[in-house]
Amino acid sequence: MPLLLLGLLAVLPAQPATLDLAGAVVVTRPGQLPAAEAVASRVLVEEVARRSGITWKMASEWPGGDGPVIALTVAEGPSPWMAQAGGSQPAAKPESFAISVLAGAGQRTVVVVRGRDGRGVLFGVGRLLRSLELGQGKTRLGAGFGVSESPDVPIRGHQIGYRARANSWDAWTVAQFDQHFRELAIFGANCIENIPFEDNDPSPHFKLPREEMNQRIAGLCDQYDLDHWVWVPVQVALPNAPLEAAFLQRQEAFYKACKRLDAVFVPGGDPGDNHAKELLPFLEKMAATLAKHHPRAKVWLSLQGFKPLDVDHFYAYVDAKNPAWLGGVVMGPSSPPLEETRQRLTASYPIRWYPDITHTVRCQYPVPWWDPAFGATLGREPVCPRPRDMASIYRLGKSFTTGFITYSDGIHDDFNKALWSQLGWRPTLDIRAFAMDYARFFFRHDLAEPGGDALLALENNWRGSLAENSSVEGTLKLWQAIEKTHGPLGDNWRLEMHLMRAYYDAYTRQRLLRETRLQQQALGRLRSAGRLGAAEAIRLAQADLASTTEQPVRPSWREQILRQGDSLFRSIGYQTTLKKHQASGSERACVLDFLDYPLNDRWWLEDQLARIAKLPADEAVQELVRLGRFDDPGPGGFYESMGHVGKSPRQAKLFEAADQIRWGDRFPSPTQRWMGEQRRPVRFAWHTYQDDLPEGLAFTGLDIRGGYTVRLFAQGDSPLLVDGQRARRVHLGVLQDQVTEQVFEVPDEAARDGKVVLSWEKLEEGHLNWRNRHYVTELWLSRTWARPGAK
Numbered sequence: 203m204p205l206l207l208l209g210l211l212a213v214l215p216a217q218p219a220t221l222d223l224a225g226a227v228v229v230t231r232p233g234q235l236p237a238a239e240a241v242a243s244r245v246l247v248e249e250v251a252r253r254s255g256i257t258w259k260m261a262s263e264w265p266g267g268d269g270p271v272i273a274l275t276v277a278e279g280p281s282p283w284m285a286q287a288g289g290s291q292p293a294a295k296p297e298s299f300a301i302s303v304l305a306g307a308g309q310r311t312v313v314v315v316r317g318r319d320g321r322g323v324l325f326g327v328g329r330l331l332r333s334l335e336l337g338q339g340k341t342r343l344g345a346g347f348g349v350s351e352s353p354d355v356p357i358r359g360h361q362i363g364y365r366a367r368a369n370s371w372d373a374w375t376v377a378q379f380d381q382h383f384r385e386l387a388i389f390g391a392n393c394i395e396n397i398p399f400e401d402n403d404p405s406p407h408f409k410l411p412r413e414e415m416n417q418r419i420a421g422l423c424d425q426y427d428l429d430h431w432v433w434v435p436v437q438v439a440l441p442n443a444p445l446e447a448a449f450l451q452r453q454e455a456f457y458k459a460c461k462r463l464d465a466v467f468v469p470g471g472d473p474g475d476n477h478a479k480e481l482l483p484f485l486e487k488m489a490a491t492l493a494k495h496h497p498r499a500k501v502w503l504s505l506q507g508f509k510p511l512d513v514d515h516f517y518a519y520v521d522a523k524n525p526a527w528l529g530g531v532v533m534g535p536s537s538p539p540l541e542e543t544r545q546r547l548t549a550s551y552p553i554r555w556y557p558d559i560t561h562t563v564r565c566q567y568p569v570p571w572w573d574p575a576f577g578a579t580l581g582r583e584p585v586c587p588r589p590r591d592m593a594s595i596y597r598l599g600k601s602f603t604t605g606f607i608t609y610s611d612g613i614h615d616d617f618n619k620a621l622w623s624q625l626g627w628r629p630t631l632d633i634r635a636f637a638m639d640y641a642r643f644f645f646r647h648d649l650a651e652p653g654g655d656a657l658l659a660l661e662n663n664w665r666g667s668l669a670e671n672s673s674v675e676g677t678l679k680l681w682q683a684i685e686k687t688h689g690p691l692g693d694n695w696r697l698e699m700h701l702m703r704a705y706y707d708a709y710t711r712q713r714l715l716r717e718t719r720l721q722q723q724a725l726g727r728l729r730s731a732g733r734l735g736a737a738e739a740i741r742l743a744q745a746d747l748a749s750t751t752e753q754p755v756r757p758s759w760r761e762q763i764l765r766q767g768d769s770l771f772r773s774i775g776y777q778t779t780l781k782k783h784q785a786s787g788s789e790r791a792c793v794l795d796f797l798d799y800p801l802n803d804r805w806w807l808e809d810q811l812a813r814i815a816k817l818p819a820d821e822a823v824q825e826l827v828r829l830g831r832f833d834d835p836g837p838g839g840f841y842e843s844m845g846h847v848g849k850s851p852r853q854a855k856l857f858e859a860a861d862q863i864r865w866g867d868r869f870p871s872p873t874q875r876w877m878g879e880q881r882r883p884v885r886f887a888w889h890t891y892q893d894d895l896p897e898g899l900a901f902t903g904l905d906i907r908g909g910y911t912v913r914l915f916a917q918g919d920s921p922l923l924v925d926g927q928r929a930r931r932v933h934l935g936v937l938q939d940q941v942t943e944q945v946f947e948v949p950d951e952a953a954r955d956g957k958v959v960l961s962w963e964k965l966e967e968g969h970l971n972w973r974n975r976h977y978v979t980e981l982w983l984s985r986t987w988a989r990p991g992a993k
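Convert by adding 202 to the 1-based position in the sequence shown; the result is the number in the numbering used here.
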């Protein structure tokens, strides 16, 4: 490079890495603006002020001087300052936006957010807010920033029901709904689905009567130009003229009062038990009632819970009538698969996804192979950021739909909502970059990287065996460092609830490790009953088991979790305990009520010890030794806990949710039972089970002389196969809770090659509720005897 050019470069002023926007003026078009464009400037100014303490001025004329300007406009809208603003044009697709930064030496800084329409301006403002560096007295933007984005799908929304069953929303004020709808829009959502009258259950937390809050929600949707959907199950047994008339009258009163209503979603089932041939004519009446007050609104239907004949009747009806009132089909839990639905449905009707992003067990997308220690404590509605799972599920199913409105029951899945909103714009987005965006906006800009990594780490806490996952404590250290850097959390409920999850996971792991050791110690006492005597062995074992609660592990962590649970109830209405927070049910987010739930066989062992203590001394000793060896398959034997990720080495496992959807029939994931908060004397292995049993469990290294039996616990008669042949049952025990002990003989010839494969005959149980179907919890393959002279 010539020396003269090097010299010139040396004296040119260096361009700053970031642009200071502290004194910016936000300029909007004058006159009447579309709702989303009109509210966008207020959203920008208020959210910047909330995080920086700096309140930008607003104007509709181009400001004089050389201070920074942030211009908000639609692409084609007339404006007297359009030429001065400059900047890029957005794509032609509705809701698209482009953000341009014009700055240089001696030039005033101009940031232009140009939307294809009003919504495009609002979503562009959201993208800008997520990109700013905001701190006390500081508003900065990267000097090279500039983006142009278009949504991938037109429907991007979330269900938010003001009802008693929700774990938080029933405690909200109008202002809290306002803020939350705004934040959903900032991350790219364009729909809200309310649940106006599924039930009449009152909530002790309601700030307004349900009818009034429903109308306020409709008004907020109109304010932010968000499509307003409602979820309306038909819980009238059809046909029934008087009940139908009353239900339609109730609907009409609601429709008439709504300031805005864009669509009505009717689930075919869950709840609702009507056959399609009765339901479809009634939906015609619903649609006519809706059209009186909202002519452009449509009725959408899911095929949830439909029997095959109902599904066939629906498609025949659509093919024959091509109903104009039908907006499309919704694919939700218990619906036919997306691929099948798209193949059978007339192409002119769109499919809207209704994905369950809120639950972790007994749901549409459970956490695959979740450690039962989490299943028994965190349960169905814990704080549940699942970045990899959610992204993989979305990418697997998106091609069949025109978008989604997620199923949610509270704030615990907030990360998942924001992620789905953004996946609706950029399906291939980088998950870590998104997590950093979330942390930057909701935690603080300087916590973007550590916060993003800490959010990803929470999902990793749930991968594999908890006992073997030593990174759980490392995740807690990440969150503790964030808490220390952030300082007092105040009302930052998002940071606090994820921090609580980190403490909860680590506390649960420490409890699991300690309670496992204590149980092994207690079982050792029982095996030594012949030396110790029955009474002393029982006393020592009971003391070992009781020390779990008498001398709790990590008491400071436990107190921290309880404090944070109460703090979240005060700040955002998150109800994590049944009595103190007046939650609607213990299965709904009440993680504090299960904080000390046994993670071993304590309750079962205590009952067994109480029973044995009443026996004569010699008999008691024999029973205690047998109890102490209950888990032991004996020399040359094998044990498999069918639903435990760390105790099922012969089962192939898929840990990614999308993989489970693709290949779950071949490689099933277990189900977690709901035990409730009451004391139930069951073995911990009975908390999980396999009902969609694996194709085969291979046991190798057997003694070729044979003499093996299989002992298992199952609900219902277990159709066990040994090397493909039905096994002969030689013992059936008494019912314990919901399972019975069953023992089967393994034919000697099956073990001749040193290997047997166990599988199960497929049962026809489609008519049964899933809770009542056959399942297996645990099994032992034990060598009971060897025939003399066998070879």
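Every residue, glycine too, gets a C-beta built ideally from N, C-alpha and C.
Check whether L621 and P589 have beta carbons under 8 Å apart: Sequence index remark: in the sequence shown, residue 621 carries index 419 (1-based). Sequence index remark: in the sequence shown, residue 589 carries index 387 (1-based). Yes.
Per-residue DSSP class, three states only, for M149: Outside the displayed range of the chain (203 to 993) lies residue 149, so it cannot be described from this structure.
Cβ pair count under 8 Å reaching 3, the region 593–602 against the region 678–697: no
C460 vs A420 beta-carbon contact at 8 Å: Counting from one through the sequence shown, the residue named residue 460 turns up at place 258. Counting from one through the sequence shown, the residue named residue 420 turns up at place 218. Yes, these two residues count as a Cβ contact at 8 Å.
First and last residue of the uninterrupted beta strand (DSSP E) at M260: Mapped onto the sequence shown, residue 260 falls at position 58. 259–261 is the extent of the beta strand (DSSP E) around M260.
Burial state of A854, where buried means 16 or more other Cβ atoms lie within 10 Å: Start at 1 with the first residue of the sequence shown, and residue 854 comes out as number 652. Answer is exposed; the Cβ neighbour count stays below 16.
Anticipated Cβ contact below 8 Å, G288 with V314, distance rounded: Against the sequence shown, residue 288 aligns to sequence position 86. Against the sequence shown, residue 314 aligns to sequence position 112. About 7 Å; that satisfies the 8 Å criterion.
Segments of 3+ residues assigned as beta strand (DSSP E) that fall wholly inside the region 890–954: 899–902, 910–917, 922–924, 930–938, 941–948
For D472, the three-state DSSP class (helix, strand or coil): On the sequence shown, residue 472 is found 270 positions in, with the first residue counted as 1. Coil, per DSSP.
Contact under 8 Å by Cβ, R318 with D427: Here residue 318 refers to the residue found at position 116 when the sequence shown is read from its first residue. Here residue 427 refers to the residue found at position 225 when the sequence shown is read from its first residue. Against a cut-off of 8 Å, the Cβ pair of D427 and R318 comes out as no contact.
Selection from R804, M844, L580, A465 that minimises the alpha carbon distance to L747: The residue labelled residue 747 in the question sits at position 545 within the sequence shown. When each option's Cα is compared against that of L747, the closest is R804.
With 16 other Cβ atoms within 10 Å as the buried cut-off, status of P469: As a working mapping, residue 469 is identified with position 267 in the sequence shown. Result: buried.
Other residues of its chain near W876: CB distance less than 7 Å, five sequence neighbours each side excluded: As a working mapping, residue 876 is identified with position 674 in the sequence shown. Here the set comprises R564, E789.
Member of Q784, H976, S984, R931 whose CA lies at the smallest distance from the CA of S173: An answer regarding residue 173 cannot be provided, because it is not within the stretch 203 to 993 covered by the chain.
N416, buried or exposed, once every other Cβ within 10 Å from all chains shown has been counted against 16: Numbered from its first residue, the sequence shown carries residue 416 at position 214. Buried, since its Cβ has 16 or more Cβ neighbours within 10 Å.
For E278 and R973, the rounded distance between their alpha carbons: Along the sequence shown, read from residue 1 onward, the residue named residue 973 stands at position 771. Along the sequence shown, read from residue 1 onward, the residue named residue 278 stands at position 76. When rounded, the distance between both Cα atoms is 58 Å.
Check whether L797 and R765 have beta carbons under 8 Å apart: Start at 1 with the first residue of the sequence shown, and residue 797 comes out as number 595. Start at 1 with the first residue of the sequence shown, and residue 765 comes out as number 563. No, the pair does not count as a contact, with Cβ atoms beyond the cut-off.
Meets three-Cβ-pair contact criterion under 8 Å: the region 334–349 and the region 259–269: no
Where T257 falls, given that 16 or more other Cβ within 10 Å makes a residue buried: Taking the sequence shown and counting its residues from 1, one reaches residue 257 at position 55. So T257 counts as exposed.
Between the CA atoms of W371 and L324 - distance to the nearest angstrom: The residue labelled residue 324 in the question sits at position 122 within the sequence shown. The residue labelled residue 371 in the question sits at position 169 within the sequence shown. The straight-line gap from Cα to Cα measures roughly 25 Å.
Rounded C-alpha distance that separates V276 from E454: In the sequence shown, the residue the question calls residue 276 occupies position 74. In the sequence shown, the residue the question calls residue 454 occupies position 252. So the two alpha carbons sit approximately 36 Å from each other.
Residues near L644 by beta carbon distance below 6 Å, same chain, minus five either side: Taking the sequence shown and counting its residues from 1, the one referred to as residue 644 is at position 442. Here residue 644 turns out to be Phe, not Leu, going by the sequence shown. Within the same chain, F644 has close Cβ partners R696.
Coarse secondary structure for D199, derived from DSSP in three states: It is not possible to answer for residue 199, since the shown part of the chain is limited to 203 through 993.
Burial state of P411, where buried means 16 or more other Cβ atoms lie within 10 Å: As a working note, residue 411 is residue 209 in the sequence shown. When all chains shown are included, P411 counts as exposed.
Residues bridged to A465 [DSSP beta-bridge criterion]: In the sequence shown, the residue the question calls residue 465 occupies position 263. Note: A465 sits in a beta bridge opposite W431, K500.
Continuous alpha helix (DSSP H) stretch holding W681: start and end: Walking along the sequence shown from the start, residue 681 turns up at place 479. Here the alpha helix (DSSP H) through W681 covers 673–688.
Beta-bridge pairing of C393 - partner residues as DSSP gives them: Here residue 393 refers to the residue found at position 191 of the sequence shown. Bridge partners of C393: G359, D429.
Bounding residues of the beta strand (DSSP E) (the contiguous stretch that carries W191): Given a span of 203 to 993 for the chain in the structure shown, any question on residue 191 remains unanswerable.
Nearest-angstrom beta carbon gap, D573 and V847 [assumed within contact, 8 Å]: Along the sequence shown, read from residue 1 onward, the residue named residue 847 stands at position 645. Along the sequence shown, read from residue 1 onward, the residue named residue 573 stands at position 371. Rounded, the Cβ-Cβ distance is 6 Å, consistent with contact.
Pairwise C-alpha distance: A261 and Q378: As a position in the sequence shown, residue 378 is number 176, starting the count at 1. As a position in the sequence shown, residue 261 is number 59, starting the count at 1. Cα to Cα, the separation comes out at about 28 Å.
Bridge partner(s) assigned by DSSP for G317: As a first step, residue 317 must be located in the sequence shown, where it is residue number 115. Note: G317 sits in a beta bridge opposite V276, F299.
Contacts around Y155, its chain only, beta-carbon distance under 8 Å, and the 5 residues preceding and following it disregarded: The question about residue 155 has no answer here: the residues shown for the chain are numbered 203 through 993.
For E966: DSSP bridge partner residues: Against the sequence shown, residue 966 aligns to sequence position 764. Answer by DSSP bridge pairing: none, since E966 is not bridged.
Cross-strand partners of I419 (DSSP beta bridge): By 1-based counting over the sequence shown, the position of residue 419 is 217. For I419, which the question treats as bridged, DSSP gives no partner whatsoever.
Cβ neighbours of K487 in the same chain (closer than 8 Å, five flanking residues each side left out): Sequence index remark: in the sequence shown, residue 487 carries index 285 (1-based). Excluding residues within five positions, the ones whose Cβ falls inside 8 Å are E446, L450.
Spatial distance of G909 from P896 (CA atoms): Taking the sequence shown and counting its residues from 1, the one referred to as residue 909 is at position 707. Taking the sequence shown and counting its residues from 1, the one referred to as residue 896 is at position 694. So the alpha carbons of these two residues sit roughly 24 Å apart.
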